[in-house]
Each structure stands twice: as structure tokens, then as C-alpha cells.
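Structure, as C-alpha cells:
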Amino acid sequence: MATAQRPVAPTTHRGVQPLRAGQGNSFLLRKLHSLSGIVPIGAFLIEHLISNFEALKGPAAYAAQVKFLNGLPFVRVLEWVFIFIPLAYHALYGVYIWARGKSNVIYYPWSGNWMYMMQRWTGLIAFAYIVQHVWRQRFSGVNLPEHPGAAFHKVQMELSHPWMLAVYAIAMIATCWHFSYGVWLFAAKWGITPGDKARRRFGFVCAALGVLLTVIGLASLYAFVGPMYKNAPADLSPAQIEQGSMAPAPAGAQVPASN
Amino acid sequence: MAERTVKIEIKRQSSPDSSPHWDKFELPHRPGMNVISAMMEIAANPYTADGKETTPIAYDSNCLEEICGSCAMLINGKARMACTALVDKLDQPIKLEPLSKFPLVRDLSVDRSVLFENLKAVKAWVPIDGTYDLGPGERIFPQVQEERYPLSRCISCCCCMEVCPQFNESTGFVGAATIAQAQLFNEHPAGKVLKEERLHALMGDGGIQECGYAQNCVQACPKQLPLTKAISDVGRDVMVQAVKDAFTR
Ligand code: SF4
Ligand code: SF4
Ligand code: FES
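As they're listed, the protein sequences go chains A and B.
So for the first sequence, full-length UniProt numbering puts the first residue at 1; every next one is plus one.
So for the second sequence, full-length UniProt numbering puts the first residue at 1; every next one is plus one.
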């Protein structure tokens with residue numbers, strides 16, 4: 001049968017090379033990138049935003065949530081296997097994808113093309129933010145797994161710089177955007193929503209998801225900078241954490257806001 | 001009464017390796033003229049707007065009714081078919097450039113053989129060689145035919161590839177047209193015998209995974225192929241095939 005290869009082009013190939021049928025492993029890598037954005041990273045994002053929402057109930061409730069999460073069995077293994085490693089993979093492979101796409105939204109200003117570009121920019125923003133966030137909140141300063149009571153104060157100190165608050169707010173929007181459009185893209189590319197109508201309908205679902213997550217995220221930021229829990233104590237004792245959301249407002253809350 | 005004219009600017013290049021330049025033309029307006037008929041006028045009277053004699057423009061065209069797919073070019077910056085680009089509907093001066101992602105041959109003519117290579121790579125055909133009588137073909141249900149017909153309208157113009165942000169030299173992405181054609185033949189009762197091979201081909205480097213779902217292809221396609229649906233459907237088939245392979249190969 002026709003086993004002979006077609007003659008190889010003698011000179012170097014000009015233009016875009018043809019499909020390398022059945023060769024290479026970019027399919028696996030790309031699909032892993034796509035999947036990792038949903039689970040575990042997307043799932044973790046939702047968990048993180050819901051946990052943050054506890055901050056609205058005060059420093060004690062927030063500390064209790066941090067303590068609960070850090071009390072999960074094998075928590076350090078979970079952290080690396082389900083958060084750090086997938087995140088690093090998703091981020092680095094994502095940068096690789098970004099670098100190879102040639103955005104042309106100037107010539108073709110269509111909505112899908114805008115979203116294509118936004119998905120890349122929000123991803124880059126989220127990446128830059130997450131690197132500093134993980135470094136400053138998880139790996140430097142007070143070690144929160146050991147001192148869950150200090151969590152509220154640590155975040156409050158961070159957000160006390162207006163520019164840092166702006167960074168957090170922008171990153172919050174970018175991350176929620178990236179995730180919710182990512183869910184839409186996942187459904188479209190994995191063939192879950194092939195039809196135009198299905199894709200449009202699911203678009204509304206994802207938009208609603210994005211708005212909801214952003215609101216939850218921004219609301220928890222407000223818990224740290226709003227008037228409710230000003231000057232939260234630097235650390236809470238286990239007893240204070242135990243009392244959870246029913247604990248009296250921390251001493252600092254009685255001090256009238258000075259600015 | 002002053003004569004109505006049409007202003008056209010064309011990016012020209014005499015050979016693949018020479019450097020490009022722009023020529024300006026001013027032609028008498030004719031009702032209903034399109035970009036190809038304008039270039040026919042230039043060929044008949046090859047003088048630039050400032051009266052210098054030049055060569056006729058090199059471009060591809062054939063059917064003049066948007067069915068052969070040969071006349072795709074950038075018209076005012078956008079990829080489209082020149083034969084259906086009515087001059088009266090375009091902003092002037094009309095700027096014509098060759099497609100930017102395909103090796104240039106001359107002026108507006110480019111080498112789009114990459115699409116042919118890609119169609120071969122996914123075996124976009126029904127494997128019947130006609131050497132002996134196979135009897136009547138299997139019946140195609142109207143429902144299947146209705147799914148397939150829109151995909152069969154592809155004219156291989158490469159507009160969908162030109163406008164795709166992922167179709168470039170660093171990805172070597174196969175492009176939407178080939179994916180749609182793989183789907184067309186996967187849905188054919190005799191063509192589906194090669195379905196697995198097509199799906200395996202599309203898992204290769206530059207395959208369907210490179211699509212970033214910007215959906216430019218479906219916007220630009222002059223024949224309104226349901227390209228995003230095809231990409232989604234084939235994406236699912238490829239994924240299912242990959243999972244099957246992982247457990248059974
Ligand atoms: S959906 Fe976008 S990335 Fe995918 S083939 Fe079409 S234009 Fe290219
Ligand atoms: S799918 Fe549409 S844009 Fe692409 S080559 Fe076919 S006809 Fe042209
Ligand atoms: S000349 Fe055939 S498509 Fe334009």
C-alpha cells in the first residue's frame with residue numbers, strides 16, 4: 001500500500017507549516033491546561049472566595065475558617081498537589097499560549113476576538129497578582145497555618161495601602177473574568193455546548209457566575225477596609241477563635257476611625 | 001458633469017523576495033463594479049493615478065461568483081473575497097493587500113497550498129477509488145444531510161485561517177476549514193471509516209487544541225460555514241477518542 005512518504009519539501013518551509021498529523025504531545029499539554037483551569041484551580045478559586053466571604057463576619061470567623069482549612073488531613077500535600085503545582089502549570093503554559101497567539105483585534109474588532117484578547121490579559125494580570133499574593137500572604141510574614149488568628153490582621157495590613165487595595169480589586173475582577181470566560185471556553189472547546197444557541201445561553205450563565213464571584217470577592221475586600229472591623233487585633237487566641245462569629249467585636253472595633 | 005472615479009491603492013511586490021510598495025490608481029466609475037473588475041480595468045489600461053505606466057496586477061480569480069475561493073485578499077484591511085466586494089460599498093481609497101499569512105507569489109497572489117496539505121493530512125475525502133462497483137451507497141438521512149450540507153459549502157478560500165489569531169508560524173495551527181472538512185467526512189456513511197484516523201491527525205501538533213475560540217473564522221467565512229460548531233463537535237470527538245486511546249490502546 002501507499003507507505004511511501006510524500007517527498008519532503010526541499011527548501012525551508014515558508015508560511016505556516018501544515019498539520020503534523022498525529023505527532024507531538026501538545027494535545028495532552030493543552031488539554032491539561034484547559035482542564036486544570038476548571039479543576040482543581042477553578043474549584044479552589046470558588047473555595048477561596050467563599051472562605052474570604054467569612055471575613056464579613058469578623059476576624060474571629062475568618063480565623064476559624066483559616067484554622068479549619070489548615071486542619072484538613074494532608075493539608076500541605078493538598079496545597080501542593082491541588083493548588084500550587086496546577087497553578088504553576090496553568091500559568092506557565094498559559095504564558096506560552098499567550099506568546100504564540102497573534103491578536104488582531106484592531107483589524108477584526110469582533111466580540112469573540114475581544115474576549116480572546118481579554119482572556120490573555122486577565123490571565124497575565126492574575127498570574128502576576130497571584131505570584132505576589134502567594135509570596136506575601138502565604139510564604140512571608142506571619143505564618144498563617146500556624147497562626148490562623150493573625151489572618152485578618154495580616155490581610156488588613158496589606159490592604160491598608162490604597163494602591164495595594166487597587167491591585168487586589170483589579171486582580172479580583174481579572175481573575176473572576178478569566179475563570180468565568182474560561183468555563184465558557186471549556187464548554188465550547190470540549191464540545192459540551194456545540195450549538196450557537198447553547199453557547200449563547202451558557203454565555204449568560206457564565207456572565208452571571210462571573211458577576212456573582214466578583215461581587216463576593218469585592219465584598220470580602222470591603223470587610224477588611226470598611227469601618228466594621230477597623231484595627232483588628234494582630235492575633236487571636238484559640239479561645240477567641242473558638243467563639244467564632246458570636247465573639248464580641250474585637251477591641252479595636254471600638255476605637256473610632258481616625259481617618 | 002465631472003466624471004465619477006474610484007480610487008484604489010494596491011500593495012505590490014514583484015517576487016516573493018523583493019520588497020513591497022504601494023501603487024495608486026484612479027479609475028472611471030462603473031455601476032456595479034467590484035474589486036476584480038476594477039483590476040481588470042487596470043490590466044486594460046495599466047497606468048497609475050499619476051500617469052506612470054505599470055504592469056497589470058497579479059491576483060487569483062476564476063469564477064467571479066464567490067464559488068471558486070481563489071480571490072481572497074485583504075480589502076481595507078479585512079480578509080474577504082474580491083469578486084463580491086462591491087466598490088460602491090467600500091470606503092475609498094480602497095486598499096488592497098495580499099493575505100498576510102501565506103507565502104507571497106506576486107502582488108495579490110499568495111500560495112495557499114497549506115490548506116491542501118492540511119486537507120490531505122486529515123484525509124478529507126470518502127475513500128472510494130472507483131476501481132470496482134461497490135453497489136449503491138448507504139442512505140443518508142435528511143437530518144444528517146442538513147448537518148453536512150453547510151459544511152460542504154467551503155470554497156477553500158483560507159479567509160478563516162487568515163483572520164485566526166492562532167493561525168501563525170509559531171503554532172502551525174491547522175485552521176478552521178480543515179476541522180470543518182474533517183467533520184463533513186466523519187459524518188458521511190462511507191467517509192466515517194476514516195474517522196478515527198482523522199481524529200488522530202487532529203490531535204497532532206498544530207491540531208484542534210490550538211484553537212483559542214476567538215470565533216473570527218465564523219465571522220469571516222464568506223460561505224457562512226458553522227465553523228465554531230464544527231470545532232466544538234470535532235473537539236468533543238477528538239477528546240473522546242483520546243480517552244478511548246488512553247484506556248484501550
Ligand atoms: S475559533 Fe478562533 S482560534 Fe479557533 S479557528 Fe476560529 S478564529 Fe481560529
Ligand atoms: S471555511 Fe469558509 S473561510 Fe474557511 S476556507 Fe472554507 S469557505 Fe473559506
Ligand atoms: S473569483 Fe471565485 S471566489 Fe472570487
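Each residue gets a CB set at the ideal place from its N, CA and C atoms; glycine is no exception.
Remember, predicted model here, so these are calculated numbers, not experimental data.
> If we ignore side chains and look at the alpha-carbon of each, how far apart do D205(B) and R138(A) end up?
Replying inline: The residue given as residue 205(B) occupies position 205 in the second sequence. The residue given as residue 138(A) occupies position 138 in the first sequence. If you take the alpha carbons of D205(B) and R138(A), they lie about 38 Å apart.
> Below 9 Å between beta carbons: does that hold for V114(B) and V6(B)?
Replying inline: Here residue 114(B) refers to the residue found at position 114 of the second sequence. Here residue 6(B) refers to the residue found at position 6 of the second sequence. No. Outside cutoff.
>> Can you give me the C-alpha to C-alpha distance between T131(B) and I8(B), rounded to a whole angstrom?
In response: Position 131 of the second sequence, counted from the start, is the residue given in the question as residue 131(B). Position 8 of the second sequence, counted from the start, is the residue given in the question as residue 8(B). For T131(B) and I8(B), the distance between alpha carbons rounds to 52 Å.
> Hey, which unbroken runs of the beta strand (DSSP E) at 3 residues or more fall wholly within the stretch 72-160 of chain B?
Replying inline: If we require 3 residues or more, the beta strand (DSSP E) runs fully inside the stretch 72-160 of chain B come out as 72-75, 78-81, 94-97, 104-106.
> How about Q215(B): is its Cβ closer than 8 Å to a heavy atom in ligand 1?
Replying inline: The count along the second sequence starts at 1 and reaches residue 215(B) at position 215. With a cut-off of 8 Å, the C-beta of Q215(B) is classified as near ligand 1, since at least one heavy atom of the ligand falls inside that distance.
>> Taking the alpha helix (DSSP H) that T5(B) belongs to, which residues open and close that run?
In response: For this step, residue 5(B) is matched to residue 5 along the second sequence. Unbroken run through T5(B) is the beta strand (DSSP E), 5-12; no alpha helix (DSSP H).
>> Cβ closer than 9 Å: which chain B residues qualify as neighbours of T122(A)?
In response: Indexing the first sequence from 1 puts residue 122(A) at position 122. Residues of chain B passing the Cβ test: none, with the nearest at roughly 14 Å.
> Does the Cβ of A72(B) lie closer than 8 Å to at least one heavy atom of ligand 2?
Replying inline: As a working note, residue 72(B) is residue 72 in the second sequence. Indeed, a heavy atom of ligand 2 lies less than 8 Å from the Cβ.
> Just reading off the alpha helix (DSSP H) that W22(B) is part of, what are its end residues?
Replying inline: Counting from 1 along the second sequence, the entry for residue 22(B) is found at position 22. Premise fails: W22(B) lies in the beta strand (DSSP E), 21-28, not in any alpha helix (DSSP H).
>> Buried or exposed for E97(B), going by 16 or more other Cβ atoms inside 10 Å?
In response: The residue labelled residue 97(B) in the question sits at position 97 within the second sequence. The residue is buried, with at least 16 neighbouring Cβ atoms inside 10 Å.
> Going by C-alpha distance, which of T171(B), D233(B), R148(B) is nearest R20(A)?
Replying inline: In the first sequence, counting from the first residue as 1, residue 20(A) sits at position 20. The residue with the shortest Cα to Cα distance from R20(A) is T171(B).
> Can you list the residues of chain B that T193(A) reaches, using a CB-CB cut of under 9 Å?
Replying inline: If you number the first sequence from 1, residue 193(A) lands on position 193. Those are S232, listed as they occur along chain B.
> Helix, strand or coil: which one does DSSP assign to Y89(A)?
Replying inline: Residue mapping note: residue 89(A) aligns to position 89 of the first sequence, counting from 1. Helix.
> Who are the Cβ neighbours of Y62(A) in its own chain at under 7 Å, not counting the five residues just before and after it?
Replying inline: Counting from 1 along the first sequence, the entry for residue 62(A) is found at position 62. The beta carbon of Y62(A) sits closer than 7 Å to the beta carbons of E54, A55, A151, F152 from its chain, once the five residues preceding and following it are set aside; these are given in chain order.
> Cβ of P103(B) less than 9 Å from any chain A Cβ?
Replying inline: In the second sequence, the residue the question calls residue 103(B) occupies position 103. Interface residue (Cβ-Cβ distance to chain A less than 9 Å): P103(B) is classified as such.
> Whose C-alpha, out of K123(B), A177(B), A201(B), is nearest the C-alpha of C221(B)?
Replying inline: Numbered from its first residue, the second sequence carries residue 221(B) at position 221. Of K123(B), A177(B), A201(B), the residue nearest in Cα terms is A177(B).
>> Using a Cβ-Cβ cutoff of less than 8 Å, which residues in the same chain neighbour V169(A) once the five nearest sequence positions on both sides are dropped?
In response: Within the first sequence, the letter at position 169 stands for residue 169(A). Correcting the residue identity first, residue 169(A) is Ala in this sequence and not Val. The residues are L218, L221.
> Looking at C-beta atoms only, is the number of pairs between the stretch 227-240 of chain B and the stretch 186-206 of chain B that lie closer than 8 Å three or more?
Replying inline: The stretch 227-240 of chain B and the stretch 186-206 of chain B touch, with no fewer than 3 CB-CB distances between them shorter than 8 Å.
> Does the Cβ-Cβ distance between G42(A) and M203(B) come in under 9 Å?
Replying inline: The residue labelled residue 42(A) in the question sits at position 42 within the first sequence. The residue labelled residue 203(B) in the question sits at position 203 within the second sequence. M203(B) sits away from G42(A), with the two beta carbons spaced by 9 Å or more.
>> According to DSSP, simplified to helix, strand and coil, what is D205(B)?
In response: For this step, residue 205(B) is matched to residue 205 along the second sequence. Strand, per DSSP.
>> Measuring straight from C-alpha to C-alpha, what distance separates V167(A) and F127(A)?
In response: To locate residue 167(A), count along the first sequence from 1; it is residue 167. To locate residue 127(A), count along the first sequence from 1; it is residue 127. If you take the alpha carbons of V167(A) and F127(A), they lie about 12 Å apart.
> To the nearest whole angstrom, what separates the beta carbons of K24(B) and T48(B), a pair I think is in contact under 8 Å?
Replying inline: As a first step, residue 24(B) must be located in the second sequence, where it is residue number 24. As a first step, residue 48(B) must be located in the second sequence, where it is residue number 48. The pair is a contact, with the Cβ atoms about 6 Å apart (cut-off 8 Å).
>> ligand 4 and R153(B): does the residue's C-beta get closer than 8 Å to at least one heavy atom of that ligand?
In response: Ligand 4 is absent from the structure shown, which contains only ligand 1, ligand 2 and ligand 3.
> Touch check for the stretch 128-143 of chain B and the stretch 73-81 of chain B: three-plus C-beta pairs under 8 Å?
Replying inline: Two segments are said to touch when three or more pairs of C-beta atoms, one from each, lie closer than 8 Å; by this definition the stretch 128-143 of chain B does not touch the stretch 73-81 of chain B.
> What is the DSSP secondary structure of N70(A), counted as helix, strand or coil?
Replying inline: On the first sequence, position 70 is the one that residue 70(A) refers to. N70(A): helix per DSSP, three-state reduction.
>> Am I right that S232(B) and K31(A) are in contact with their C-beta atoms under 8 Å? What's the rounded C-beta distance?
In response: One-based indexing of the second sequence puts residue 232(B) at position 232. One-based indexing of the first sequence puts residue 31(A) at position 31. Actually they do not touch by this definition, with Cβ atoms about 14 Å apart.
>> Contact defined as beta carbons within less than 8 Å: I believe M73(B) pairs with L104(B). What is the distance between those atoms, to the nearest angstrom?
In response: Your numbering for residue 73(B) matches position 73 in the second sequence. Your numbering for residue 104(B) matches position 104 in the second sequence. At roughly 11 Å, the Cβ-Cβ gap does not stay under 8 Å, so M73(B) and L104(B) are not in contact.
>> Counting only C-beta atoms, is F27(A) closer than 9 Å to chain D at any point?
In response: Among the protein chains of the structure shown, namely A and B, there is no chain D.
>> If the cut-off is 9 Å on Cβ atoms, which residues from the stretch 77-99 of chain A count as contacting chain B, listed in chain order?
In response: For the stretch 77-99 of chain A, the set of residues with a beta-carbon nearer than 9 Å to any beta-carbon of chain B comprises I97, A99, in chain order.
> Within the chosen definition, does the stretch 169-180 of chain A reach the stretch 113-127 of chain A through at least 3 CB pairs nearer than 8 Å?
Replying inline: With the cut-off at 8 Å, the stretch 169-180 of chain A and the stretch 113-127 of chain A touch.
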